[in-house]
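Going down the list, the sequences are from chains A and S. Here the first sequence stands for residues 1241 to 1499, where the numbers follow the working numbering. Here the second sequence stands for residues 40 to 286, where the numbers follow the working numbering.
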Amino acid sequence: MPDSHQHGHQIGDHLFIHRHTYIHDLPPHLKLVAAFSFLLIAVLTPASNYPSFAGYFAIVFALIIAAKLPIGTALKRMVVEIPFVIFAVLMPFLGKGPFIEIAGLTVSEPGLNAGISVLLKSTLGVLISILISSTTNVRDILHGLAHLKVPALLINIATFMLRYSAVITDELHRMKTARESRGFIAKGPRDWKIVAQVAGALFIRSYERGERVHLAMLSRGFNGQMPQVSHSSAKASHWLQVSVLPIAALFVLLIGMYL
Amino acid sequence: MKSLKVSNLAFAYPDGHQALFGVNLELEKGERVAVLGPNGAGKTTLVLHLNGILSGSGDVEVAGLRLDSNDKNNLLEIRRRVGIVFQDPDDQLFMPTVREDVEFGPFNFGLRGEELKNRVDWALNQVKMLEFADKAPHHLSFGQRRRVALATVLAMQPEILIMDEPSSNLDPASRRELAEIVKSLDITVLMVTHDLPYALELCPRAVILSGGVIVSDKSTREILMDEKLMNEYRLELPAGFDPKLIS
Chain A
1241 MPDSHQHGHQ IGDHLFIHRH TYIHDLPPHL KLVAAFSFLL IAVLTPASNY
1291 PSFAGYFAIV FALIIAAKLP IGTALKRMVV EIPFVIFAVL MPFLGKGPFI
1341 EIAGLTVSEP GLNAGISVLL KSTLGVLISI LISSTTNVRD ILHGLAHLKV
1391 PALLINIATF MLRYSAVITD ELHRMKTARE SRGFIAKGPR DWKIVAQVAG
1441 ALFIRSYERG ERVHLAMLSR GFNGQMPQVS HSSAKASHWL QVSVLPIAAL
1491 FVLLIGMYL
Chain S
40 MKSLKVSNLA FAYPDGHQAL FGVNLELEKG ERVAVLGPNG AGKTTLVLHL
90 NGILSGSGDV EVAGLRLDSN DKNNLLEIRR RVGIVFQDPD DQLFMPTVRE
140 DVEFGPFNFG LRGEELKNRV DWALNQVKML EFADKAPHHL SFGQRRRVAL
190 ATVLAMQPEI LIMDEPSSNL DPASRRELAE IVKSLDITVL MVTHDLPYAL
240 ELCPRAVILS GGVIVSDKST REILMDEKLM NEYRLELPAG FDPKLIS
């Protein structure tokens, strides 16, 4: 390994869009609480309540604009939703009766409603996730989760994943380079055996690295507990400010119900 | 008082392979000593005994404190006193940022708040990496990562610094920078290495570990000039390197 060697990107690093906005600067755990409560209300809203959903989308887009995120980028990142969209589109055709006719197609009515519901709610969820991941460092998200008393073990696993995903991806790239340098290019199922062996080798290497990391931790006095040095704090006024999001959602819900 | 005193240390792995057959070694405070020897001589096994990760028969004493691996508090204090810098910095740096990693050791030994921050800043300053405190380890070069690995150990203010192959994989400039840093530290050093010129540069004294025992213990220069000894233990200088020409 030469000295100039640098690892690849940490997972999530490239999602963060650096801006100085109110939303970027909010304490991460409050963002998470606000996002979660907003989504909870949205998910519990019946899909037939279209005016409420229009309101939810308006709120989310307002937040995306307030965070100065490029709309194009936000929309591009929505491709992760495609599997859900396919599922939602299939539902009207796979559901049971009663059937109705739309534009010459016979579709299942409960299937259609369920499909619309999946589409609306998953889109909201994806947009909120994009909003959080673009305005918060992965590291800060983990700090936020720790602050919210998510079990330390889960946080630790995620923290190690964050640190070592780049190391292991690098290792995989080096193995790939070494393989290809000796004339191997995966062409079809016949080569799967090789690919499986690579996966096995990578697993064993990672396992051994885990053991070495553990030794290094013990050598520095590790006693089973990771230090949780809090780097963020929230004032009561911050709580008040973020509660605006779920309150707005409730408001939209109530208006939608009476329209 | 001696920084390190190892007496009659013997150890066999659970599979029956005996790695150490009675090692005796003493280091005075402030001394820098190189451990030389061929692969498989038991160097790493010896290192892991010095802070009680492995425990065999015989005695290990660090600055007068005898290692007792059954006593948790004793073990913790020994681990604070013995700082090991492992060979692969990616094994040593497991936290998402440099600062959090350097905090790890002193945090485990009870430092908090301002005191913890000062200690971390001090340690990073020692290895000239303070400006990288908030970087992620994978954004650093290999040489920088090794220096941070050294800082994670210095932050515990150990009695003795143990370095496993400190110059491996470093380019010549990083290798020299690391040597300058080690020389600037006021600390006892035990350095395991295959890099004989590096041993000569940093450590006035060297021991050869072979077959699980110390077979030679004298000045590094004497060892490097003793052709018979060198051949016997598969030690080799880089082609063209003449220890006589180094003052």
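Don't be surprised by glycine CBs; every beta carbon is placed ideally from N, CA and C. Quick caveat, the model's predicted, so the values are computed rather than measured.
Contacts between methionine 168 of chain S and chain A, judged by CB atoms closer than 8 Å, are missing: the closest CB pair is about 14 Å apart. Within the segment 69-141 of chain S, complete alpha helix (DSSP H) segments of at least 4 residues are found at 82-89, 111-120 and 128-131, given in chain order.
In the three-state DSSP reduction, serine 42 of chain S falls in the strand class (E or B). Contact check for valine 72 of chain S against alanine 245 of chain S passes: the beta carbons are separated by less than 8 Å. Against chain S, a Cβ distance below 7 Å from serine 1459 of chain A picks out Asn90, Ile92, Arg118 and Ile123. Within chain S, no residue has its CB atom less than 9 Å from the CB of arginine 1414 of chain A, the nearest being about 13 Å off. Per DSSP, alanine 1488 of chain A is one residue of the alpha helix (DSSP H) stretching across 1484-1498. At the C-beta level, isoleucine 201 of chain S and isoleucine 123 of chain S come within 8 Å of one another.
In its chain, beyond the 5 residues on either side, Ser1348, Pro1350 and Gly1351 have a beta carbon closer than 6 Å to the beta carbon of glycine 1335 of chain A. Neighbours of asparagine 1353 of chain A across chain S, judged by C-beta separation under 7 Å, do not exist; the nearest C-beta is about 44 Å away. In the DSSP assignment, serine 1369 of chain A forms no beta bridge with any residue.
A Cβ-Cβ contact shorter than 8 Å links phenylalanine 1278 of chain A with proline 1486 of chain A. The beta carbon of leucine 106 of chain S does not come within 8 Å of any beta carbon belonging to chain A, so the residue lies off that interface. Interface flag for arginine 1317 of chain A against chain S is unset, since no Cβ pair is found closer than 8 Å. Proximity of chain A to threonine 227 of chain S at the Cβ level (cut-off 8 Å) is not reached, the minimal Cβ distance being about 17 Å. Residue-level contact by beta carbon holds for phenylalanine 1400 of chain A and chain S, with a gap shorter than 8 Å. Taking 8 Å as the cut-off, the beta carbon of leucine 248 of chain S is found no closer than this to the beta carbon of leucine 114 of chain S. From the beta-carbon of aspartate 203 of chain S, no residue of chain A is found nearer than 8 Å; the closest lies around 11 Å away. Straight-line measurement puts the Cα of glycine 81 of chain S at about 34 Å from the Cα of alanine 175 of chain S. Close CB contacts of aspartate 140 of chain S within its chain, under the 6 Å cut and outside five residues either way in sequence, are with Leu132, Met134 and Thr191 (chain order). Chain-order list of chain A residues neighbouring glutamine 131 of chain S: Ala1456, by C-beta distance under 7 Å. Sorting S:Gln183, S:Glu198, S:Leu193 and S:Gly149 by C-alpha distance to the C-alpha of aspartate 210 of chain S places S:Gln183 at the top. Shown here for aspartate 98 of chain S: same chain residues with a beta carbon closer than 8 Å to its own, the five before and five after excluded, namely Lys44, Val45, Ser46, Asn47, Leu48, Arg105 and Leu106 in chain order.
Glutamate 1448 of chain A sits exposed, since fewer than 16 C-beta atoms from the chains shown fall within 10 Å of its C-beta. The C-beta of leucine 64 of chain S comes no closer than 8 Å to any C-beta of chain A. Along the segment 182-198 of chain S, going in chain order, the ones with a CB nearer than 8 Å to a CB of chain A are Gly182, Thr191, Val192 and Met195. By the CB criterion at 8 Å, serine 1374 of chain A and isoleucine 1257 of chain A fall inside the cutoff. For phenylalanine 146 of chain S, the number of other beta carbons within 10 angstroms of its own is at least 16, and it is reported as buried.
When the five nearest sequence neighbours on each side are left out, the beta carbons in the same chain lying within less than 7 Å of the beta carbon of glycine 76 of chain S are those of Lys82, Ile247, Leu248, Ser249 and Tyr272, in order along the chain. By the Cβ neighbour-count rule, asparagine 1377 of chain A is buried, with 16 or more other Cβ atoms within 10 Å of its own. Per DSSP, aspartate 1410 of chain A has no beta bridge partner at all.
Residue range 252-258 is occupied by the beta strand (DSSP E) that includes lysine 257 of chain S. Under a criterion of Cβ atoms nearer than 8 Å, the residues of chain A adjacent to methionine 134 of chain S are, in order, Thr1399 and Arg1403. Linking asparagine 112 of chain S to serine 42 of chain S through their CA atoms gives a straight-line distance of about 19 Å. Annotation: arginine 1317 of chain A is outside any beta strand (DSSP E) and is labelled neither H nor E by DSSP. Put simply, the CB of leucine 115 of chain S is near chain A, with a gap under 8 Å to one of its CB atoms.
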